[in-house]
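Everything below concerns the one structure shown next.
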Amino acid sequence: WVAYREIQGASFYFSAFVKRAIDPLKKVFGNNAEGLIKAAKYLDGMSIEPGDAAFEFKVFPRVPVQLILWQGDNEFPPEANILFDQITGEILSPEDIAWLAGMLVYRLIALSR
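Residue numbers for the sequence shown follow my numbering, so the first one is 3 and each next one is one higher.
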């Protein structure tokens with residue numbers, strides 16, 4: 003598993019990736035892991051470790067994506083990460099991967115309501 007910034011050519015799109023996917027994930031689910039758990043069930047997300055809520059999604063047959071959320075508390079703000087199979091960068095462009103992650107997060111947000 004690799005983080006977005008580890009994908010070849012992704013550094014140019016990294017800020018867009020954070021704005022499209024990481025920031026909304028933290029904003030909506032950072033203090034509501036139960037909402038993510040509920041929404042992930044609708045998309046057949048497979049529960050994984052670590053994190054307070056973490057799931058693997060088969061977005062396309064050869065493109066699994068992992069979302070990992072750590073809830074915020076009095077000491078620390080929420081944190082989130084989205085990981086990709088190493089082969090993802092060979093199948094999709096960095097821009098497409100950023101878009102894909104954002105669409106997954108926004109679908110989860112819609113399903114949590």
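No residue lacks a Cβ here, since even glycine has one placed at the ideal position from N, Cα and C.
Just mark residue i as buried or exposed, buried being the case when its beta carbon has 16 or more other beta carbons within 10 Å.
i	result
Glu58	buried
Phe19	buried
Tyr15	buried
Leu80	The sequence shown places Pro at residue 80, not Leu. Its Cβ being crowded by 16 or more others within 10 Å, Pro80 is buried.
Gln10	exposed
Quick check on DSSP: helix, strand or coil for residue i?
i	result
Leu71	strand
Leu85	strand
Pro66	strand
Ser13	helix
Glu58	strand
By alpha-carbon positions, which one of the options ends up nearest to residue i?
i	options	result
Ala56	Gln68, Asn33, Leu45, Ile99	Gln68
Glu8	Arg109, Leu110, Ala100	Ala100
Arg109	Ile93, Ala5, Leu45, Ser95	Leu45
Taking one C-beta from the region 85-98 and one from the region 40-50 each time, how about it: are there three or more such pairs within less than 8 Å?
As far as the Cβ criterion goes, the region 85-98 does not touch the region 40-50, which means the pair count is below three.
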